[in-house]
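Asks: Residue numbers (the working numbering): 13 to 259. Even glycine gets a Cβ: it sits at the ideal position worked out from N, Cα and C.
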């Protein structure tokens, strides 16, 4: 039986993940893909089995496993157990008239069964400005939790990130002060601090240098990986800032 009740949208991204991988892929033509892959399989194993999930929701989970879904598709699935789902959907969209427009380039993939728990969020930026705007628009995802009172959200430091792409450089800034993330998390920050956060950044041209002196650069020289303890990010989100010079 399912060990998670309901759908992935009832899960707060960072706080239910054991390992989160942030991957950024930069293309020469300027489009950028930003993704968060959250693996909470180990956490899932510790949760008790339950029979509380309805047949409709179980069928929906089976259908969406491994599929990339739009925000509208997620909204439809989240309302399966609601009375008058169409009426509820209309109500949510009236209260959040820009929801679908602002999240049109956001996708989500779910892999969930008794032993595997994985959620991936993807943002498809046509250019760096489009990516920055889309990251700020992740706030709109909170509307998906209006049906059950559980807010869906991405990490605050992701929404506070600003990227800059030039011909020979790529930079990430985090517009968040030390201590602000801890305040927003409250007591839940103690649990989040146990997790791991990994950065992976990919390019189509070779890297000349990375501001992280301990970054692991790939054999082909076109990507790097940097791993953090989540406690480091909670103490100071600006540790996620970096500059990459390209050849």
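#1: Assign residue 228 to one of two classes, buried (16 or more other C-beta atoms within 10 Å of its C-beta) or exposed (fewer than that).
#2: Using only CA atoms, which one of 213, 155, 169 lies nearest to residue 260?
#3: Quick one: measure Cβ to Cβ for residue 33 and residue 212, integer angstroms, because I've assumed they're closer than 8 Å.
#4: For the putative contact between residue 117 and residue 87, defined by C-beta atoms under 8 Å, what is the C-beta separation to the nearest angstrom?
#5: Looking only at DSSP bridge pairs, what is residue 120 linked to?
#6: Pull up the DSSP beta-bridge partners for residue 214, would you.
#7: Taking buried to mean at least 16 other C-beta atoms within 10 Å of its own C-beta, is residue 249 buried or exposed?
#8: If I'm right that residue 90 touches residue 156 with Cβ under 8 Å, what's the distance once you round it to whole angstroms?
#9: Reducing DSSP to helix, strand and coil, say where residue 47 ends up.
#10: So, for residue 257: in the same chain, excluding its five sequence neighbours on each side, which residues have a beta-carbon less than 6 Å away from its beta-carbon?
#11: Using the rule of at least 16 other Cβ atoms within 10 Å of the residue's Cβ for burial, across every protein chain shown, is residue 107 buried or exposed?
#12: Indicate whether residue 243 and residue 133 have their beta-carbon atoms separated by less than 8 Å.
#13: DSSP three-state label for residue 173, please.
#14: Buried or exposed: residue 120, going by 16 or more other Cβ atoms within 10 Å of its Cβ?
#15: When DSSP builds the beta bridges, which residues end up paired with residue 184?
#16: How would you label residue 130, buried or exposed, when you count the other beta carbons within 10 angstroms and need 16 or more for buried?
Replies: According to the structure data:
#1: exposed
#2: Residue 260 lies beyond the stretch modelled for the chain, which goes from 13 to 259, so this question has no answer here.
#3: Indeed, because the Cβ distance is near 6 Å, the residues count as touching under 8 Å.
#4: Here residue 117 is actually not in contact with residue 87; their C-beta atoms are around 16 Å apart, not less than 8 Å.
#5: 81, 133
#6: 37, 235
#7: buried
#8: 6 Å
#9: strand
#10: 181, 220, 221
#11: Exposed is the label assigned to residue 107, since fewer than 16 other Cβ atoms lie within 10 Å of its Cβ.
#12: no
#13: strand
#14: buried
#15: 175, 254
#16: With at least 16 other beta carbons inside 10 angstroms of its own, residue 130 counts as buried.
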